[in-house]
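Novice: In the working numbering, the protein residues as written are 345 to 464.
C-beta atoms are modelled at their ideal positions from N, C-alpha and C, and glycine is treated no differently.
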């Protein structure tokens, strides 16, 4: 089995595009290379190992178990470049974070909705 080359910058950028704000990313060399990523908008702590195994990311921290499971799945797939983030996703995250309404966008706690206007 050949070693996977981890592009941690790619993983971080993709996580940003889906709404995670990376506050810290530390590279370590403890029984092999790994990276620990922390977020300012989530209690998750993601550890990515540079090994032969594709699916060996570990997610810990103060977060719901469902978020942890999903985040692990996402990072494992990003690590192997098996998941592509749609460029439109970055725009959606930006709209949600801005929380500004306009003639087209209606902000709700559950997300951003397009306003529908009907001609009378």
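1. Starting from the N-terminal side, write out each stretch of the alpha helix (DSSP H) that is 4 residues or longer and does not extend beyond the stretch 354 to 411.
2. Kindly indicate which residue of 432, 367, 392 and 358 has the alpha-carbon position closest to the one of residue 379.
3. With a CB to CB cut of under 7 angstroms and the five nearest residues on each side skipped, what residues in its chain are close to residue 387?
4. At which residues does the alpha helix (DSSP H) containing residue 434 begin and terminate?
5. By the 10 Å Cβ neighbour count, where 16 or more other Cβ atoms means buried, how is residue 448 classified, buried or exposed?
6. Counting only the same chain and skipping the five closest in sequence on each side, list residues whose C-beta sits under 6 angstroms from that of residue 427.
7. Within a Cβ cutoff of 7 angstroms, which residues of the same chain sit near residue 394, ignoring the five residues on either side of it in sequence?
8. What residues in its chain sit with their C-beta under 6 angstroms from that of residue 415, if we drop five residues either side in the sequence?
9. Please confirm whether residue 390 and residue 419 have their CB atoms less than 7 angstroms apart.
10. Return helix, strand or coil for residue 423, following the three-state DSSP convention.
11. Do you know offhand how far residue 470's Cα is from residue 353's?
12. Apart from the five residues on each side of it in sequence, which residues of its chain come closer than 7 angstroms, Cβ to Cβ, to residue 514?
Specialist: So, from the data block:
1. Correct list: empty.
2. The sequence position of residue 379 within the chain shown is 35, counting from 1. Minimum Cα distance to residue 379 is reached at 392.
3. Residue numbering aside, residue 387 sits at position 43 when the chain shown is read from its first letter. Once the five neighbours on either side are set aside, the close Cβ partners of residue 387 are 405, 406 and 407.
4. For this step, residue 434 is matched to residue 90 along the chain shown. Residues 431 to 442.
5. Numbered from its first residue, the chain shown carries residue 448 at position 104. Exposed, by the Cβ-count rule.
6. Here residue 427 corresponds to residue number 83 of the chain shown, with the count starting at 1. Once the five neighbours on either side are set aside, the close Cβ partners of residue 427 are 421.
7. One-based indexing of the chain shown puts residue 394 at position 50. Result list for residue 394: 350, 376, 377 and 378, in chain order.
8. Looking up residue 415 in the chain shown gives position 71. Cβ neighbours of residue 415 beyond the five flanking positions: 388 and 403.
9. Counted from its first residue, the chain shown places residue 390 at position 46. Counted from its first residue, the chain shown places residue 419 at position 75. Yes, they are a contact pair.
10. Along the chain shown, one-based indexing puts residue 423 at 79. Residue 423: helix per DSSP, three-state reduction.
11. The question about residue 470 has no answer here: the residues shown for the chain are numbered 345 through 464.
12. This structure cannot settle anything about residue 514, because the visible part of the chain is limited to 345 through 464.
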